[in-house]
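From first to last, the protein sequence lines are chains A and B. So the mapping is simple: this note's numbering equals the position in the first sequence, first residue as 1, plus 191. So the mapping is simple: this note's numbering equals the position in the second sequence, first residue as 1, plus 237. Note that CB positions come from ideal geometry on N, CA and C, so glycine has one too. The structure appears below as structure tokens.
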Amino acid sequence: ETGVTQSPTHLIKTRGQQVTLRCSSQSGHNTVSWYQQALGQGPQFIFQYYREEENGRGNFPPRFSGLQFPNYSSELNVNALELDDSALYLCASRLDRRGANVLTFGAGSRLTVL
Amino acid sequence: GIQVEQSPPDLILQEGANSTLRCNFSDSVNNLQWFHQNPWGQLINLFYIPSGTKQNGRLSATTVATERYSLLYISSSQTTDSGVYFCAVEPPSGTYKYIFGTGTRLKVLA
């Protein structure tokens, strides 16, 4: 089975720009979540999508938005980039089933905002 | 919200040594996972262990949910074990998010 893949792996943007990060979920997984990991910290939950709808959100402003597609792939969009948005963005997928909530992470997209 | 604390924050071992990493959480949880983050940033799932004990090769983990802690044991450490170890918990409130601890940074010396 394929794992979780993310693209791009690295990118540099300037303040005020917009960015789209992409994620392909592990085969058979119907739920995808996104996390932001600042340097030296643990990942922080941004939001989760199940069946193409957001069903959970962390403490992130509305300029962080997402999509999940019928094939369970996903996008994270960030508008009006700020310097503090520089971080590793991690996508995780799982099969939403009672007793089977193991998160599987991709390798991440490292965003630098100048 | 739930607080997740890991100890020690940093650990340096000689190759072949054993170690125990601890994760304390402040409230009951639905799920708990241990991850290893390699130097390239990839988070690798080590254990899905909301309760009980599991072993996988040189690694084992124990979660005592009633006392709100989990332990990760690494035996006969190797240089490839270096990296950051995270404990992550999912609250029972149905918010679907995992809350990560601050991590233990492990360096194994040859």
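Per the coordinates, the alpha-carbon of A/Tyr240 lies some 6 angstroms from the alpha-carbon of A/Ser224. In the structure shown, the three-state DSSP call for B/Glu304 is helix. Counting only the Cα atoms, A/Asn262 lies some 25 angstroms from A/Pro253.
Less than 8 angstroms divides the Cβ of B/Leu309 from the Cβ of B/Leu258.
At a Cβ-Cβ threshold of 8 angstroms, B/Ser256 and B/Leu250 count as neighbours. For B/Thr339, the secondary structure class from DSSP, reduced to helix, strand or coil, is coil. A direct Cα-Cα distance of roughly 16 angstroms separates A/Val210 from A/Gln259.
Per the Cβ contact rule, the region 266–280 of chain A is not in contact with the region 305–322 of chain B (fewer than 3 Cβ pairs under 8 angstroms). Under the Cβ distance rule, B/Lys291 does not count among the residues neighbouring chain A, no pair being separated by less than 8 angstroms. Using a C-beta cut-off of 8 angstroms, the region 273–281 of chain B makes contact with the region 310–326 of chain B, since at least three inter-stretch Cβ pairs fall below that distance. In the three-state scheme derived from DSSP, where H, G and I count as helix and E and B as strand, B/Asp247 is classed as strand. In chain order, Asp247, Val321 place their CB closer than 6 angstroms to the CB of B/Arg342, counting only its own chain and leaving out the 5 sequence neighbours on each side. Excluding residues up to 5 positions away in sequence, Leu272 lie with their Cβ nearer than 7 angstroms to the Cβ of A/Gln208 in the same chain. When DSSP reads this structure, A/Trp225 sits in a beta bridge with A/Phe238, A/Cys282.
If you check the CB distance, A/Thr205 and A/Gly297 do not come in under 8 angstroms.
Leaving aside the five residues that flank A/Gly249 on each side, the residues in its chain whose CB is nearer than 8 angstroms to its CB run, in chain order, Gln235, Phe236, Ile237, Phe238.
Here B/Tyr335 has Ala325, Glu327 as same chain residues with Cβ atoms under 6 angstroms from its own Cβ, once five neighbours each way along the sequence are excluded.
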